[in-house]
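Visitor:
Protein chains: 2
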Amino acid sequence: MPTESAVKSSLLPVDEAMKRILEGLPQKPPEAVSVLDAHGRVLAEPLRSRMTLPSQALSAMDGYAVRAIDCTKVPTNLVRVGEAAAGHPWTGKLDAGQAVRIFTGGVVPDGADAIILQEDVDATAEADGADITIREAAQAGKYIRPAGLDANKGDLLLDAGMTLSARGISLALATGNVSVICKPRPTIGVLSTGDELVRPGETPGPGQIISSNAFYLQAFIRACGGKAVDLGIARDKPGALRDAVEATNEPLDLIVTTGGASVGVHDHVVDDLGQKGSHLNFWKIAMRPGKPLIFGVLGDVPLLGLPGNPVSSAVCTLVFLQPAIAHLAGTEFTPEIFSARLGVALSENDQRQDYLRARFETSDDALPLIIPAQKQDSSMISVFANSTCLLIRPPFDPARQPGDIVTAMTIPPLL
Amino acid sequence: MPTESAVKSSLLPVDEAMKRILEGLPQKPPEAVSVLDAHGRVLAEPLRSRMTLPSQALSAMDGYAVRAIDCTKVPTNLVRVGEAAAGHPWTGKLDAGQAVRIFTGGVVPDGADAIILQEDVDATAEADGADITIREAAQAGKYIRPAGLDANKGDLLLDAGMTLSARGISLALATGNVSVICKPRPTIGVLSTGDELVRPGETPGPGQIISSNAFYLQAFIRACGGKAVDLGIARDKPGALRDAVEATNEPLDLIVTTGGASVGVHDHVVDDLGQKGSHLNFWKIAMRPGKPLIFGVLGDVPLLGLPGNPVSSAVCTLVFLQPAIAHLAGTEFTPEIFSARLGVALSENDQRQDYLRARFETSDDALPLIIPAQKQDSSMISVFANSTCLLIRPPFDPARQPGDIVTAMTIPPLL
Numbered sequence: 010m011p012t013e014s015a016v017k018s019s020l021l022p023v024d025e026a027m028k029r030i031l032e033g034l035p036q037k038p039p040e041a042v043s044v045l046d047a048h049g050r051v052l053a054e055p056l057r058s059r060m061t062l063p064s065q066a067l068s069a070m071d072g073y074a075v076r077a078i079d080c081t082k083v084p085t086n087l088v089r090v091g092e093a094a095a096g097h098p099w100t101g102k103l104d105a106g107q108a109v110r111i112f113t114g115g116v117v118p119d120g121a122d123a124i125i126l127q128e129d130v131d132a133t134a135e136a137d138g139a140d141i142t143i144r145e146a147a148q149a150g151k152y153i154r155p156a157g158l159d160a161n162k163g164d165l166l167l168d169a170g171m172t173l174s175a176r177g178i179s180l181a182l183a184t185g186n187v188s189v190i191c192k193p194r195p196t197i198g199v200l201s202t203g204d205e206l207v208r209p210g211e212t213p214g215p216g217q218i219i220s221s222n223a224f225y226l227q228a229f230i231r232a233c234g235g236k237a238v239d240l241g242i243a244r245d246k247p248g249a250l251r252d253a254v255e256a257t258n259e260p261l262d263l264i265v266t267t268g269g270a271s272v273g274v275h276d277h278v279v280d281d282l283g284q285k286g287s288h289l290n291f292w293k294i295a296m297r298p299g300k301p302l303i304f305g306v307l308g309d310v311p312l313l314g315l316p317g318n319p320v321s322s323a324v325c326t327l328v329f330l331q332p333a334i335a336h337l338a339g340t341e342f343t344p345e346i347f348s349a350r351l352g353v354a355l356s357e358n359d360q361r362q363d364y365l366r367a368r369f370e371t372s373d374d375a376l377p378l379i380i381p382a383q384k385q386d387s388s389m390i391s392v393f394a395n396s397t398c399l400l401i402r403p404p405f406d407p408a409r410q411p412g413d414i415v416t417a418m419t420i421p422p423l424l
Numbered sequence: 010m011p012t013e014s015a016v017k018s019s020l021l022p023v024d025e026a027m028k029r030i031l032e033g034l035p036q037k038p039p040e041a042v043s044v045l046d047a048h049g050r051v052l053a054e055p056l057r058s059r060m061t062l063p064s065q066a067l068s069a070m071d072g073y074a075v076r077a078i079d080c081t082k083v084p085t086n087l088v089r090v091g092e093a094a095a096g097h098p099w100t101g102k103l104d105a106g107q108a109v110r111i112f113t114g115g116v117v118p119d120g121a122d123a124i125i126l127q128e129d130v131d132a133t134a135e136a137d138g139a140d141i142t143i144r145e146a147a148q149a150g151k152y153i154r155p156a157g158l159d160a161n162k163g164d165l166l167l168d169a170g171m172t173l174s175a176r177g178i179s180l181a182l183a184t185g186n187v188s189v190i191c192k193p194r195p196t197i198g199v200l201s202t203g204d205e206l207v208r209p210g211e212t213p214g215p216g217q218i219i220s221s222n223a224f225y226l227q228a229f230i231r232a233c234g235g236k237a238v239d240l241g242i243a244r245d246k247p248g249a250l251r252d253a254v255e256a257t258n259e260p261l262d263l264i265v266t267t268g269g270a271s272v273g274v275h276d277h278v279v280d281d282l283g284q285k286g287s288h289l290n291f292w293k294i295a296m297r298p299g300k301p302l303i304f305g306v307l308g309d310v311p312l313l314g315l316p317g318n319p320v321s322s323a324v325c326t327l328v329f330l331q332p333a334i335a336h337l338a339g340t341e342f343t344p345e346i347f348s349a350r351l352g353v354a355l356s357e358n359d360q361r362q363d364y365l366r367a368r369f370e371t372s373d374d375a376l377p378l379i380i381p382a383q384k385q386d387s388s389m390i391s392v393f394a395n396s397t398c399l400l401i402r403p404p405f406d407p408a409r410q411p412g413d414i415v416t417a418m419t420i421p422p423l424l
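Here the protein sequences come in this chain order: A and B.
Using our numbering, count along the first sequence one by one with no gaps and you end on 424.
Using our numbering, count along the second sequence one by one with no gaps and you end on 424.
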């Protein structure tokens, strides 16, 4: 582990920063989740059936339950002795010459081994004691769903690692599962810092701006499967960060801050991490936008300190927070990286890995065309919100010409 | 409009059923939604800026605000006369020979037109009145974000039709928007019918099963952007459907029922739609699974009556409910249809369009390989939950051999 002065004196490469963040995030154990709340969760253990489904043989159709042996020669007459509807079993035992009126989902009575469709039967009445005439010969087992057709107790239903779909919920519930063991869901606190921030709905005074990063982050975290906890706005003074975090009762797996990450005397995140019991892992990375990124531990909770500029903050969120959430959830995130043909000229890059806001367009070429936005100022949310990808330029990338092949990362549409 | 007897006497083709459902669903007008609740919603109107952003010129860096004309020859000495931090503007006017200490996000004072980085300045003290030595020449406008750089009041920010992303939320809030005009979000009531059903967590008695369709439907509706209202379980008796719907206070755009759709004397959905003030549009379609599908109007609310078998219900949900939700939301849904190479032999199809539960596998071939599940019983949730697609066979499709090209529809992973 380098000393803090060594950390501060150099810009950490993006890959090294990523590695240190993931190493610094402990993975939580799996947890039991109510099936009704588990849509989209990743199964940490295989799902097994807790019962035999169906538990008894059921009729697949509306008709009459009979003994197949009674209905080999047709037409033939039987006597209706009872009725079995879904949820209302007939509890007697069928004897020779008898039939039980049965409806879809009704339990096939003891003694019966075939269902005759109602359209193949004439009945003197819809009542017990009625004479019925069978017009089609029976086939043993026909239109009967045997016990255990869908699952037997203990059967493997869904493999570990599967994401629970809506149809998986149906299967889990139908087989008697009320909870499933899932990969954990990270709880992430979001804290804005800055004396200039007012809440949405408030009118900013001179020099003030409306807080937006925190709500971006909360939507982002939820879309990535995490739980977001709003820690509010910390003002620019020493200790405000710790005070805000201590004010929540939620156990946090990660704190994400925005702002307060620069070298100015009003930026306190790094200083707060220097206090007893906390720890600065790194500060400042070789990335544009996003150079002042901070990673450390506040008390015993990992802290990712994002820059205050909205676009710097958001690009760091895409590059670092998305894999961090996946890691905390016991999974792995791989960004969608693609090759594209550059539509403009770019001058030589410096020592920082550059993430240019860009749009890609399909073209006649096998590769999509990529057009970086003309203005790349890291305060311009309007440019970022209309970008569909980030063109990634490695440190010291030489000047590029239109038509060169470059690398880019998709911005997921909801993020 | 055909009479009810005509509707009942023939099986409606799938495409015609789809057309009638969409025609029978009124589209709701757009609605204002709080930006904080609008993640993933489709914008019905363009989003425009309600303010100039930034509202005043701001410093992009930590340093000193100066008059560029004072700093053409360096080194040169100035006097620090004030401080401008984010949220704390300095309200004076800069005169010749003066500088104002400024931090990232601070308002550039009147009279200043350049920022000198703090690393290019020596100061006798971090206090007003200090003498400072400028070591780098100033460039007018450098490190200054002019008012309106990101947006001017009234600027178009996001086009109508865009889905609001997390970064779109950031943009909307930062530009003073507290609500956005979105395509409507349908509210859909889900009602199970059947005397055999018990709630999840209850132990089924003889002939009973655990209700699962309704929870599948609720997860499905939410994943498609709708609001699901649980109407509970209606028992198998006339009028129970209407009673359950009248018990909710939620204004519903659509009612979806499962079960009670067959011809049995215990199936009441069709009869309930025959009552005064209600209306049956169609019942029974040329589809497998899903033949007993019902569409009509209960009171003044459209009703889609799904079969009770879980897989029949779910396949109808994928084929009909997904486009219906999109239509109610003022958008259009196109299923993901693809061609695949059949891995097994299939016998000739009858008059019903068949949706076989299947899995597709990538292969060396340009087309994926598709393997229908061996057991296609419409009660088998385990087979459906592990299927990734539905192989679609048109009515009277001839017998097929391994290697034939067939058509299939992806089951979205979360559905």
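The beta-carbon is built from N, C-alpha and C at its ideal position, and this holds for glycine as well.
1) So with CB distances below 8 Å, who are the chain A contacts of I334/B?
2) Output, in chain order, the set of chain A residues within a Cβ distance shorter than 7 Å of E205/B.
3) For G425/A, which three-state DSSP category applies?
4) Along the chain, where does the alpha helix (DSSP H) that runs through Y225/B open and close?
5) Does the Cβ of D140/B lie closer than 6 Å to at least one heavy atom of the ligand NAP?
6) With 9 Å as the C-beta to C-beta threshold (strictly closer), list the residues of the region 383-404 of chain B near chain A in chain order.
7) By Cβ distance, which residues of its chain are closer than 8 Å to G91/B, with the 5 residues on each side in sequence left out?
8) Looking at chain B, which residues of the region 71-95 of chain A have a Cβ within less than 7 Å of any of its Cβ atoms?
9) Determine which residues of the region 116-148 of chain A have a Cβ less than 9 Å from any Cβ of chain B, and write them out in chain order.
10) Within 10 angstroms of the Cβ of V88/B, are there 16 or more other Cβ atoms? Answer buried if so, exposed if not.
11) Over what stretch of residues does the alpha helix (DSSP H) that includes M27/A continue unbroken?
12) Taking Q217/B as the query, report the chain C residues whose CB atoms sit under 8 Å from its CB, ordered along the chain.
13) Roughly how many angstroms lie between the CA atoms of I190/A and P55/A, to the nearest whole one?
14) Could you pull out every residue in the same chain whose Cβ sits closer than 8 Å to the Cβ of K17/B, ignoring the five residues on either side in sequence?
15) For G106/A and D129/A, which I take to be in contact (beta-carbon distance under 8 Å), what is that distance rounded to the nearest angstrom?
16) Using DSSP bridges, identify the partner residues of H277/A.
17) Is the Cβ-Cβ distance between L62/B and D159/B less than 7 Å?
18) Is the region 192-211 of chain A in contact with the region 137-146 of chain B, if contact means three or more CB pairs nearer than 8 Å?
19) What do you reckon, are the CB atoms on K224/B and L424/B nearer than 7 Å?
20) Could you say which of T133/A, M70/A, P381/A, P209/A lies nearest to Q410/A if we only look at CA atoms?
21) Grouping DSSP H, G and I as helix and E and B as strand, with all else coil, what is F369/B?
22) With DSSP as the reference, label P381/B as helix, strand or coil.
23) Give, in chain order, every residue of the region 162-178 of chain B whose Cβ lies closer than 8 Å to some Cβ of chain A.
24) Do V324/B and C344/B come within 7 Å of each other at the CB atom, strictly closer than that value?
25) Run through DSSP, which three-state label would D131/B get?
26) Classify H336/B as helix, strand or coil using the three-state DSSP reduction.
27) Would A295/A pass as an interface residue toward chain B - the criterion being a Cβ-Cβ separation below 7 Å?
28) Which partner residues of D119/B appear in the DSSP bridge assignment?
29) Please say whether N222/A and S372/A have beta carbons closer to each other than 7 Å?
30) Strictly below 8 Å CB to CB, what residues from chain B border Y152/A?
31) Answer yes or no: does any C-beta atom of chain B fall closer than 7 Å to that of Y225/A?
32) If I follow the unbroken beta strand (DSSP E) through R402/B, where does it start and stop?
33) So P311/B and L263/B are in contact, right, with Cβ under 8 Å, and what is the actual spacing, rounded?
34) Let's test the definition: count the other Cβ atoms within 10 Å of the Cβ of G185/B and tell me whether it reaches 16, buried, or not, exposed.
35) Which term fits R192/A, buried or exposed, when burial requires 16 or more other beta carbons within 10 angstroms of its beta carbon?
Guide: So, to answer that:
1) In chain order: nothing, as chain A lies at least about 13 Å away.
2) Residues of chain A passing the Cβ test: A95, G96, G114.
3) Shown here, chain A extends from 10 to 424; a query on residue 425/A therefore has no answer.
4) Annotation: the continuous alpha helix (DSSP H) that includes Y225/B extends over 222-232.
5) By its list of ligands, the structure shown contains no ligand whatsoever, and the ligand NAP lies outside what it can speak to.
6) Along the region 383-404 of chain B, the positions whose C-beta sits under 9 Å from a C-beta of chain A are K384, D386, S387, S388, M389, I390, S391, V392, F393, A394, N395, S396, read in chain order.
7) For G91/B, same chain residues with a beta-carbon under 8 Å away, outside a window of 5 residues either side, are W99, G101, V109, R110, P118, D137 in chain order.
8) Answer in chain order: D71, A94, A95.
9) V116, Q127, E128, E135: these are the residues of the region 116-148 of chain A whose beta carbon lies less than 9 Å from some beta carbon of chain B, given in chain order.
10) V88/B should be labelled exposed.
11) Here the alpha helix (DSSP H) through M27/A covers 23-32.
12) In the displayed structure, chain C is absent; the protein chains listed are A and B.
13) So the alpha carbons of these two residues sit roughly 8 Å apart.
14) Note that K17/B has pLDDT 43, beneath the 50 cutoff, so the model's placement of it is unreliable and the number below is only indicative. W292, K293, listed in sequence order.
15) About 18 Å separates the two Cβ atoms, so there is no contact after all.
16) Its beta-bridge partners do not exist; DSSP assigns none.
17) Yes, the Cβ-Cβ distance between L62/B and D159/B is below 7 Å.
18) The region 192-211 of chain A vs the region 137-146 of chain B: no contact.
19) Reading off the sequence, residue 224/B comes out as Phe, not Lys. 7 Å or more divides the Cβ of F224/B from the Cβ of L424/B.
20) Ranking the options by Cα distance to Q410/A, first place goes to P381/A.
21) Secondary structure of F369/B (DSSP, three-state): strand.
22) Residue state, collapsed to three classes: strand.
23) Listed in sequence order: D164, L166, L167, T172, S174, A175, R176, G177, I178.
24) Note on identity: in this sequence residue 344/B is Pro, with Cys being the wrong assignment. In this structure, V324/B does not lie closer than 7 Å to P344/B by Cβ.
25) Strand, per DSSP.
26) When secondary structure is reduced to three states using DSSP, H336/B falls in the helix class.
27) Not closer than 7 Å to any Cβ of chain B, the Cβ of A295/A fails to qualify, so no.
28) Secondary-structure assignment with DSSP links D119/B through a beta bridge to K102/B.
29) Result no, Cβ atoms of S372/A and N222/A do not sit closer than 7 Å.
30) The premise fails here: Y152/A is roughly 11 Å from chain B at the closest Cβ pair, so nothing lies under 8 Å.
31) Yes - at least one Cβ of chain B is within 7 Å of the one on Y225/A.
32) For R402/B, the enclosing beta strand (DSSP E) covers residues 398-402.
33) Yes, they are in contact, since the Cβ atoms of P311/B and L263/B sit about 5 Å apart, within 8 Å.
34) Its Cβ being crowded by 16 or more others within 10 Å, G185/B is buried.
35) Here residue 192/A is Lys; the residue named in the question, Arg, does not match the sequence. Looking at its Cβ environment, which holds 16 or more other Cβ atoms inside 10 Å, K192/A is buried.
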